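The structure appears right after this line, and notes come after that.
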Amino acid sequence: MTDTDQASHDAPQISPEMTVSLCKDLSITLAQFPKVRLGHLPTPLEPMDRLSEMLGGPRLWVKRDDCTGLSSGGNKTRKLEYLMADAQAKGADTIITQGATQSNHARQTTAAAAKLGMACHILLEDRTGSNDENYIMNGNVLLDRLHGASVSKRGGGMDMNAEMEALADQLIADGKTPYIIPGGGSNPIGALGYVNCARELAEQAASTGLTIDALVHATGSSGTQAGLVTGLAAIKSDIHLLGIGVRAPQAKQEQMVYDLAQRTADHLGTGLRIDRDQVRANCDYVGPGYGLPTDGMIEAVKLLAQTEGLLFDPVYSGKGLDGLIDQVRKGYFDGMDNVVFLHTGGSAALFGYADTFGLPGYQD
Ligand SMILES: *Cc1c(COP(=O)(O)O)cnc(C)c1O
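Okay, structure coming up:
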């Protein structure tokens, strides 16, 4: 956890007019980068009133990046708008990427490649050792195949970047022009999607007169948080951003986010410096490891399904929610009025974890 157990919360420094003007400037900066339209944007910002009432803390909102529209949606779509445009600009005809077996990133990449008429090769790393039929064949894996991608497995702990390079060499020898997208689409190009999301959210709040005090989301390969950190810095926002880790320990996660945020800021080319204090990850909700269920995740996914009619996933957004709910209960957001949870998607993975939730059978 961060060094205090309550969020730092300064009075707003920036007027709504100033925010709108800085958002316009950021739009102009972002417009220099090639982008292909893949998502339904802007995504809705909705209150979660039953959950807020139940928890008794600040008013909780959800930013619906599960509704980006591409093959059931999710956060990778915003990154892919920039990454696929870069692939096209470089003349690629084949996309290579990697992820865990139930990777939402892989699924959205296969759909983007299909839409743009490119071939797609997916390397799936077995990070959990599960032999559950649903885990290895259903959910995202089913959709990867349905989108026509070639799907290969790799053992847990393999050097997946080296595996992608080896595959690229083979494809080049076959006369193809491959483009490698790193795991999670997390590099300075992909992170631009979340620089843009920070702007989108700030404009949405300004247009409805909402003051957002904090923004919380699941953080993994770090491109989402790095983009948000960079975008919020560019518009001088004082929204308190908190990532909930799903894999690495806190020091490693924060370093990854900080490094990528500064590289993303450099890529923007405006001379923006990232303040290390704006990078916060709470990695207390990972449990036994990446992709492995926790009781808190199971409880959080069921609670949101049954109080808000919303679907969250077992690997990322469910653990992120567990963190949000627990931190509301522990008073981390005390003194704040409005806290937004960025819903990064992933519900397709629920079908890969069908037996995790201990749900009742048919009633007589
Ligand atoms: C990839 C993913 C995340 C994490 O985003 P990163 O940019 O990899 O940190 C969160 N939620 C879901 C559902 C994801 O698929």
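For the sequence shown, the positions run 868 to 1231 when my numbering is used. Here a beta-carbon is modelled for each residue, glycine too, at the ideal position from N, C-alpha and C. As the structure is a computational prediction, the values presented were derived from the model and not from experiment.
- Secondary structure note for residue 1008: it is in no beta strand (DSSP E), and the uninterrupted alpha helix (DSSP H) holding it is 1007 to 1013.
- When the five nearest sequence neighbours on each side are left out, the beta carbons in the same chain lying within less than 7 Å of the beta carbon of residue 953 are those of 901 and 1056, in order along the chain.
- Assigned with DSSP and collapsed to three states, residue 1199 falls in coil, not helix or strand.
- Check the Cα spacing between residue 1022 and each of 965, 1155 and 928: the tightest is with 965.
- Between residue 1127 and residue 1101, the CB-CB gap reaches or exceeds 7 Å.
- Look at residue 1214: its beta carbon is at least 6 Å from all of the heavy atoms in ligand 1.
- For residue 926, the uninterrupted beta strand (DSSP E) run begins and ends at 926 to 931, by DSSP.
- Annotation for residue 1141: 1096, 1097, 1100, 1125, 1128, 1129 and 1132 place their beta carbon closer than 7 Å to its own, counting only its chain and skipping 5 residues before and after.
- Listed in chain order, the non-local C-beta contacts of residue 911 below 7 Å within the same chain comprise 931 and 934, local neighbours out to five positions each way being set aside.
- Less than 7 Å divides the Cβ of residue 1038 from the Cβ of residue 961.
- Annotation: residue 1021 is outside any alpha helix (DSSP H); the continuous beta strand (DSSP E) that includes it extends over 1017 to 1021.
- The beta carbon of residue 1069 lies closer than 7 Å to those of 886, 890, 1102 and 1104 in the same chain, with the five residues before and after it left out.
- Around the beta carbon of residue 1013, a 10 Å sphere encloses fewer than 16 other beta carbons of the protein chains shown; the residue is thus reported as exposed.
- Nearest C-alpha to residue 971 among 1065, 1051, 1164 and 1156: 1051.
- Its chain contains 915, 918, 919 and 1206 as the residues whose beta carbon lies nearer than 6 Å to that of residue 927, once the 5 sequence neighbours on both sides are disregarded; these appear in chain order.
- DSSP places residue 1149 in the strand class (E or B) of the three-state scheme.
- Less than 7 Å divides the Cβ of residue 1084 from the Cβ of residue 1211.
- For residue 963 against residue 1045, the beta-carbon gap comes to about 5 Å, under 8 Å, which counts as contact.
- In the DSSP assignment, residue 1111 falls within the beta strand (DSSP E) that extends over 1107 to 1112.
- In this structure, residue 906 lies near residue 937, with their beta-carbon atoms less than 7 Å apart.
- Taking a 10 Å sphere around the C-beta of residue 998, we find fewer than 16 other C-beta atoms and assign the residue as exposed.
- Secondary structure within the stretch 933 to 990: the alpha helix (DSSP H) runs of 4 or more consecutive residues, fully enclosed, are 943 to 956 and 971 to 982 (chain order).
- Comparing alpha-carbon positions, the option among 1220, 1221 and 942 lying closest to residue 1065 turns out to be 942.
- Put simply, the backbone Cα of residue 1163 is about 27 Å away from that of residue 1053.
- For residue 882, the Cβ stays outside the 6 Å cut-off from all heavy atoms of ligand 1.
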